Structures are given as structure tokens and as C-alpha cells.
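Enquirer: Would you mind keeping the following structure in view while I ask a few things?
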Amino acid sequence: MSDTTQILNANFTPRIFSGIQPSGNLTLGNYLGALKRFAQKQDEGIETIYCLVDMHAITVWQDPDALRRQTREAAAAFIASGVDPAKSILFNQSQVSAHAELAWLLNCVARLGWMNRMTQFKDKAGKNAEKASLGLYAYPALMAADILTYHTTMVPVGEDQKQHVELTRDIAAKFNHDYGVEFFPAPEPLIDGPATRVMSLRDGSKKMSKSDPSDASRINLTDDADTIAKKFRKARTDAEPLPETIEGLSERPEARNLVNIYAALSEQTSAQVVTEFAGKGFGDFKPALADLAVAKLAPISDEMKRLMSDVTEIDRILGKGADRAEAIARPVVEKTYDIMGMVRSR
Ligand code: AMP
Ligand code: TRP
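Each residue of the sequence shown is one higher than the last, beginning at -8 in the numbering used here.
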């Protein structure tokens, strides 16, 4: 952390915020890169706020019934992964209008040149950028609003979101500078552990993603034990045995990915895993990995099923979370309007 960030952030109560899009089945990548860490953070004495970002999800087409189901399923995945709604604030974004309001205000602070550098937009819009929604382009400013409306200081995310958190810092700094205030903190991305970027099981150069057309490329949190075992068995690898040290994995992305997954699931470092399996082939390593993954994920998918049998309870939890979120976010948005010179007379 730079000195100036440290001095600015010292004025703010430490607070953690993160979000996940309810745009499909959550994957092992979401679990290791996000959910598992979200649950750990809630016991560190810092307020934790977790959001199902349904307004981000609609930047690409979502079938309305599917979006409703996926939002509840994602809430179930949070809870099943250990996020406790009594300890953390858990809610869906569209129920707290502060996000949309602050996003507009920040749209007027963010610069086109900054938005044009966002690699996730380029990846998602692809060659047909003319046909992408305006929302997909403005998405990072909404994400900045999500973070800043809670005066968030720390944002646990996977590696792919680092650029968006850095943009958030730029937007906060420009706002503070232009209006001569120290109103927004400079949130830090928290990217740690062996699984900040879990890769596809079919292609070690692509991240594991819920939107990949190939289901075999990912482990879904709703996959049953047989499916998990089969996907790991079929995961792409090379023919070499595992090396003696992790340096031996540097040119072997698929092998490295499986070792990292094993490390994250077993709470070890990748170096420890390599030491344990040195010289062993994938015929030994893959079944061990499949067993470990089933042991860790089966209770989560069972619990998700149980929670999904009572969506009224899930909706109640999200509504209550939204009330708590609103209580923090509303005054920040009101103050932002005021700083920018909007008359507030009711
Ligand atoms: P998304 O599914 O894009 O909404 O991502 C939600 C969270 O999961 C973000 O913090 C991402 O960085 C994280 N995440 C998504 N995919 C992966 C992956 N393959 N490896 C690690 N983290 C991931
Ligand atoms: N953009 C994130 C993703 O695709 C999701 C997200 C939206 C988010 N708002 C956020 C993550 C705020 C952290 C903080 O993964």
C-alpha cells in the first residue's frame, strides 16, 4: 500500500465488499477465488458485505426466470460455502437503488479513455463490439459505485477483477481531487492464495468460467460426485510425471492448474502439494484430486439443494440484507449529490 493510500484510508473504518454475477452456474473458480475467501474474511473483525450483482448480469441477455433462479441459487451457494447472513450482509444489488444512482454520478467522473482500456469489455464484447449493450461498456463504473457506496477499503476478488478495482481507485481519486474533498477511500484489491485464477480444465490458457460453452471445462458447484470425478479424469494434461519443485510447472499450465486447485482445496501451498506427489503421474494425481474435490464440494452442493427447497427463506435473507446495506449506502449517495451541487430539499 502506498503512503498516500494509507493516509487517506486511515480516515475510513475498514470494510470489505465483493460481488458475484448471478449469471449462471457458479464454478470451482468462483468458489476458490471468491466464496471460500469471503467466508474466511467474515471472522477477521471487519464488516463484510457481499452482493449478487444482478444489474451487472443484465449487461448481457438474461432470461428473466433464469435470472431469478440463478440469483437465489447464488445466494444458496454463498450460504452453503460458509457466508453467514448473521455475520455478513448478503443481498442482491437491484434491491438497493444507491448502486444505480451512484453509478450515474460516477459515469460523469470516469473518462472514456479509462473505459477503453478495460480488458474484460474487450473480451466480452469480442469482434462485435457495435452490438454490445451500453451497459456492458459502463459496467466498470457500476462496479466502482458498488464498492464506493459503502466506503469500502478492501475488495477480495480473483485476478481477473484487478483492473476494475484499480479503475475504482482512479475514479475515487478524480472525484476527491475535482471536488476538493477526501470523501471516497482508495479501495485495495485483495488477491491472495493459490487459486486466484483457476483455469479451464480443457485449456490451461483460459480461465474457468461459467460462460464457457464447454461444460467439461469447469466444475459447477451443482455437479454431482460422478460428474466431478469424470471431469477431472478427462481434464487436459501432459504426459510427464509431476516435478520435484513448482519451478518445474512453469511451462506446464494444465498441470500447474490442477496442482493449484489441489493446494487450495487442501489448504496447502502448491509447493507442499508438489513435494507430496513428486514423480507421480496423472494416473495417481487425478483420482486423488477428484476424491478431494468431491469431499469438499459435495456438502456444499447438498446444502445448496436443501436451501433451494425454501426460496421464501432465501428471499427473506436477501431482503433483510438489502435493508442493512441500504442503511450504509443511502447516506453516502446523499452526501455525494450534495458535494456535486444537487439541491436536496425534501
Ligand atoms: P464472476 O463469476 O465473473 O461474477 O466472478 C465472481 C468472482 O469470482 C470474482 O471475484 C472473480 O474474480 C472470481 N472468479 C471468477 N472466475 C474465477 C476463476 N476462474 N478463478 C479465480 N477466481 C475467479
Ligand atoms: N465484476 C465482477 C465480476 O465479474 C463482479 C462485481 C461487480 C464485483 N461489482 C463488484 C466484484 C464489486 C467486487 C466488487 O466478477
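Virtual Cβ for every residue (Gly too), placed ideally from N, Cα, C. Bear in mind the structure is a predicted one, so any value in this text is a computation, not a measurement.
Distance, Cα to Cα, Asn2 vs Ala77?
Expert: Distance between the alpha carbons of Asn2 and Ala77: 27 Å.
Enquirer: Within its chain, find whatever has a CB closer than 7 Å to the CB of Lys32; leave out the 5 residues flanking it on each side and keep chain order.
Expert: Within the same chain, Lys32 has close Cβ partners Ile7, Thr39 and Pro147.
Enquirer: Give the range of the beta strand (DSSP E) segment to which Glu35 is assigned.
Expert: No beta strand (DSSP E) contains Glu35, which DSSP labels as neither H nor E.
Enquirer: Measure the CB-CB distance between Gly270 and Pro232 and report whether it falls below 8 Å.
Expert: Yes, the pair counts as a contact, with Cβ atoms nearer than the cut-off.
Enquirer: Please check the pair Glu64 and Met299, which I expect to be a contact at CB under 8 Å, by giving their CB distance rounded to whole angstroms.
Expert: Yes, Glu64 and Met299 are in contact; Cβ-Cβ is about 6 Å, under 8 Å.
Enquirer: Give the secondary structure of Ile11 by DSSP, where H, G and I count as helix, E and B as strand, and everything else as coil.
Expert: Strand.
Enquirer: Given a threshold of 16 other Cβ atoms within 10 Å of its Cβ, counted over all protein chains shown, does Lys222 qualify as buried or as exposed?
Expert: Burial call: buried.
Enquirer: Identify whether Arg315 lies in helix, strand or coil by the three-state DSSP scheme.
Expert: Three-state result, Arg315: helix.
Enquirer: Would you identify the three-state DSSP class for Leu58, choosing helix, strand or coil?
Expert: Three-state DSSP puts Leu58 in a helix.
Enquirer: Considering only residues of the same chain and omitting the five flanking positions on each side of Val324, which have a CB-CB separation below 7 Å?
Expert: Around Val324: Ala89, Glu92, Leu93 and Thr140.
Enquirer: Between which residues of its own chain and Ser85 is the CB-CB distance below 7 Å, once the five residues before and five after are set aside?
Expert: If we look at Ser85 and ignore the five residues flanking it on each side, its Cβ neighbours are Asp45 and Met46.
Enquirer: If I'm right that Thr144 touches Pro5 with Cβ under 8 Å, what's the distance once you round it to whole angstroms?
Expert: That belief holds up - the Cβ atoms of Thr144 and Pro5 are roughly 5 Å apart, short of 8 Å.
Enquirer: Please say whether Asn16 and Thr213 have beta carbons closer to each other than 8 Å?
Expert: It is a contact, given that the beta carbons lie within the stated cut-off.
Enquirer: Going by the beta-carbon positions, is the gap between Leu97 and Ala48 smaller than 8 Å?
Expert: Cβ distance not < 8 Å, so Leu97 and Ala48 don't count as in contact.
Enquirer: Just to confirm the assignment, what range does the alpha helix (DSSP H) spanning Ile210 have?
Expert: Where Ile210 is concerned, there is no enclosing alpha helix (DSSP H), given that its DSSP letter is neither H nor E.
Enquirer: Consult DSSP for Arg224 and reduce its assignment to one of helix, strand or coil.
Expert: It is helical.
Enquirer: Taking the C-alpha atoms as reference points, what is the distance between Thr110 and Asp329?
Expert: Approximately 33 Å, taken between the alpha carbons.
Enquirer: Is the beta carbon of Met189 sitting closer than 8 Å to the one on Gly24?
Expert: Correcting the residue type first, residue 189 is Val in the shown sequence and not Met. Closer than 8 Å, so yes.
Enquirer: Met145 bridges to which residues according to DSSP?
Expert: Answer is Ile7 and Glu179, bridged to Met145.
Enquirer: Compute the minimum distance between the beta carbon of Arg227 and the heavy atoms of the ligand AMP, and state whether it is under 7 Å.
Expert: False, no ligand heavy atom lies under 7 Å from that Cβ.
Enquirer: I think Thr260 touches Pro185, with their Cβ atoms under 8 Å apart; what is that distance to the nearest whole Å?
Expert: At roughly 6 Å, the Cβ-Cβ gap stays under 8 Å, so Thr260 and Pro185 are in contact.
Enquirer: CB of Asn248 to nearest heavy atom of the ligand AMP: below 7 Å?
Expert: No, the Cβ of Asn248 stays beyond 7 Å of every heavy atom of the ligand AMP.
Enquirer: Give me the Cβ distance between Leu43 and Ile11, rounded to the nearest whole Å; I'm assuming they're in contact under 8 Å.
Expert: Confirmed, Cβ separation roughly 6 Å.
Enquirer: How should Thr(-5) be labelled, buried or exposed, when 16 other C-beta atoms within 10 angstroms of its C-beta is the threshold for buried?
Expert: Exposed, because fewer than 16 other Cβ atoms sit within 10 Å of the Cβ of Thr(-5).
Enquirer: According to DSSP, is Leu309 helix, strand or coil?
Expert: In the structure shown, Leu309 sits in a helix (DSSP, three-state: H, G or I).
Enquirer: Examine the ligand ZN and report whether any of its heavy atoms sits within less than 7 Å of the Cβ of Ala186.
Expert: With respect to the ligand ZN, the structure offers nothing, as its ligand set consists of the ligand AMP and the ligand TRP.
Enquirer: Taking 8 Å as the CB-CB limit, is Lys198 close to chain C?
Expert: In the structure shown, chain C cannot be found, because there is only a single protein chain.
Enquirer: Do Ala207 and Leu192 have their beta-carbon atoms positioned less than 8 Å apart in this structure?
Expert: Taking 8 Å as the Cβ cut-off, Leu192 and Ala207 qualify as a contacting pair.
Enquirer: Measure the C-alpha to C-alpha separation of Thr187 and Asp275 and round it to an integer number of angstroms.
Expert: Approximately 25 Å between the Cα atoms of the pair.
Enquirer: May I ask you to list the residues that DSSP assigns as paired with Ala198?
Expert: Checking the sequence shown, residue 198 turns out to be Lys, not Ala. Bridge partners of Lys198: Met190.
Enquirer: Pull the bridge partners of Ala83 from the DSSP assignment, please.
Expert: Inspection of the sequence shows that residue 83 is occupied by Asn rather than by Ala. Per DSSP, Leu43.
Enquirer: Among the residues of its own chain, which have a CB less than 6 Å from the CB of Arg160, if the five just before and after it don't count?
Expert: Within the same chain, Arg160 has close Cβ partners Ala177.
Enquirer: Tell me which residue opens and which closes the alpha helix (DSSP H) that Gly126 is part of.
Expert: Here the alpha helix (DSSP H) through Gly126 covers Leu125 to Leu139.
Enquirer: Can you tell me whether Ser9 is buried or exposed, with buried defined as 16 or more other CB within 10 angstroms of its CB?
Expert: Its Cβ being crowded by 16 or more others within 10 Å, Ser9 is buried.
Enquirer: Give me the residue from Leu19, Ser(-7) and Phe174 with the minimum Cα distance to Ala255.
Expert: Out of Leu19, Ser(-7) and Phe174, Leu19 has the C-alpha closest to the C-alpha of Ala255.
Enquirer: Between Leu(-1) and Glu173, is the Cβ-Cβ spacing less than 8 Å?
Expert: A contact, by the Cβ cut-off of 8 Å.
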